[in-house]
Amino acid sequence: MKSVLIGDAHPAVRSGLAETLGSFGFDKVCECSDGRSAVTMAASTPPDIAILDAALPKLDGLSASREIRKKLGIPILLLTERCDYDTLRKAKAAGVTSILVKPLRHKDILPAIEMAFAHAEEVEILKESVRDLNETVVSRNLIEKAKAILYRAQGLYPYEAFRFIRKVARDKKTSMRRIAEAVLITEGL
């Protein structure tokens with residue numbers, strides 16, 4: 001089930017987009033006419049993607065995009081009358097995934113949405129990779145500290161300490177990080 005939030009001050013634009021998105025398989029379409037409502041609706045019923053007009057009343061589309069992106073991290077398409085360098089720069093800073101220039105053409109909407117979803121997926125994969133790399137760095141640092149303790153306490157050379165940690169981890173069917181943490185705990189570090 002795919003859901004979308006459409007924010008545009010013009011009812012005709014909202015209904016036209018809702019109809020088009022329904023034909024693209026979006027089951028749930030939420031509509032609003034101002035930026036403040038867009039932020040509130042997105043927070044209460046998080047959509048898979050948001051399509052917001054840059055010129056929304058009460059809270060402009062860029063500010064609404066920034067808030068929604070910060071809270072939910074979903075892809076956001078910005079609708080605008082023109083796309084000059086300044087608009088593009090502000091959209092990038094607000095976390096907008098893509099821009100659609102009005103008047104909208106039916107054939108441009110689906111590619112923009114699909115590219116936005118693909119980009120969001122790539123970003124999630126990169127975030128996961130960064131988390132994994134950070135975890136690896138933390139683990140390596142703990143293992144290095146444990147090796148130093150084993151060197152001081154038992155006179156094991158670094159390669160011997162590494163082998164010891166690895167062997168204990170295998171024997172106990174756990175990670176080397178856990179063994180390194182245990183060594184650090186026993187040393188009171």
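FYI, in full-length UniProt numbering the residues of the sequence shown are 1 to 189.
From the three backbone atoms N, C-alpha and C, an ideal C-beta is built for every residue, glycine too.
Select from the options the residue whose C-alpha is nearest the C-alpha of residue i.
i: S63; options: S44, A38, D86; result: A38
i: R178; options: E122, R140, L156, S3; result: R140
i: residue 191; options: L100, A116, E67, A18; result: Here the chain has residues from 1 to 189 only, and residue 191 is not among them.
i: L72; options: T87, L78, P47; result: P47
i: K70; options: L59, G95, V183; result: G95
In terms of residue numbering, what span does the alpha helix (DSSP H) encompassing residue i cover?
i: A153; result: 106-154
i: V96; result: Note, V96: premise wrong, no alpha helix (DSSP H); not H, not E.
i: A50; result: No alpha helix (DSSP H) contains A50, which is instead part of the beta strand (DSSP E) from 49-53.
i: residue 204; result: The structure shown does not extend to residue 204, since the chain spans only 1 to 189, so no value can be given for it.
i: K71; result: 61-72
i: L21; result: 11-23
i: K167; result: 158-171
i: T40; result: 35-44
What do you reckon, is the C-beta of residue i under 8 Å from a heavy atom of the ligand HEM?
i: A91; result: The ligand HEM is not part of the structure shown, which contains no ligands of any sort.
Alpha carbon to alpha carbon, how far is residue j from residue i? Give it in angstroms, no decimals.
i: T97; j: S15; result: 22 Å
i: I165; j: V130; result: 26 Å
i: S65; j: D34; result: 12 Å
i: N134; j: I149; result: 23 Å
i: L89; j: G25; result: The sequence given here has Arg at residue 89, not Leu. Roughly 31 Å between the two C-alpha positions.
i: H10; j: L52; result: 11 Å
i: G22; j: L110; result: 11 Å
i: F117; j: D171; result: 44 Å
i: A153; j: I125; result: 42 Å
i: L5; j: T136; result: 38 Å
i: D108; j: I99; result: 11 Å
i: residue 223; j: G155; result: No information on residue 223 is available, as it lies outside the stretch 1 to 189 that the chain covers here.
i: I113; j: P57; result: 24 Å
i: M41; j: V29; result: 11 Å
i: A180; j: E160; result: 14 Å
Which residue marks the beginning of the beta strand (DSSP E) containing residue i, and which one marks its end?
i: E31; result: 26-32
i: F180; result: Note that residue 180 is Ala in the sequence shown, not Phe. Unbroken run through A180 is the alpha helix (DSSP H), 176-186; no beta strand (DSSP E).
i: L5; result: 2-7
Around the Cβ of residue i, are there at least 16 other Cβ atoms within 10 angstroms (buried) or fewer (exposed)?
i: D27; result: exposed
i: I76; result: buried
i: G61; result: buried
i: T186; result: exposed
i: G7; result: buried
i: Q1; result: Inspection of the sequence shows that residue 1 is occupied by Met rather than by Gln. With fewer than 16 Cβ atoms within 10 Å of its Cβ, M1 is classed as exposed.
i: P158; result: exposed
i: A12; result: exposed
i: P103; result: exposed
i: V123; result: exposed
i: K147; result: buried
i: T80; result: buried
Chain C beta carbons: is any one of them nearer than 9 Å to that of residue i?
i: E122; result: The chain inventory of the structure shown lacks chain C, comprising one protein chain alone.
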